Each structure stands twice: as C-alpha cells, then as structure tokens.
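Everything below concerns the one structure shown next.
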C-alpha cells in the first residue's frame, strides 16, 4: 500500500515540477519552489524506505 502511495506522490511531484516550469516566470521563485518540491519528494521516498524496513521486520518475525 505504501509503495502505491509513494508512486502517486512521484506522479504529483513530476506534474508539479512540470507546471512550475510552465507557469512560474520568476526564476528565484521557481528555484525556491522546486527545492521545496524536491524536499517533499525526498520525504516521501524516506517514508517508503521506512515502511519497507518495517515490513521486512514484521515478515521476519512473523
């Protein structure tokens, strides 16, 4: 389930970055927003990693 959610987050990130480059004309704001989006993407990746570790622990100890 968490992998599916992370895949959806990847799609949202890709779409948001594409829209950002399409609509944001101020280069400073573009860079700032892109960095924020990248940080959110990293956070979702780390959540997926943590979920995978927890799943492995649960399966190993089941």
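Residue numbers (the numbering used here): 1014 to 1075. Ideal Cβ positions, reconstructed from N, Cα and C, are used throughout, including at glycine. Quick caveat: nothing in here was measured; it's all calculated off a predicted structure.
Burial of residue 1019 is indicated by the presence of at least 16 other C-beta atoms within 10 angstroms of its C-beta. A distance of 8 Å or more separates the beta carbons of residue 1047 and residue 1025.
Residue nearest to residue 1050 within the set 1069, 1023, 1070 and 1015 is 1023 (criterion: CA-CA distance). Per DSSP, the unbroken alpha helix (DSSP H) holding residue 1052 starts and ends at 1040 to 1073. When the beta-carbon positions are compared, residue 1015 and residue 1064 come within less than 8 Å of each other.
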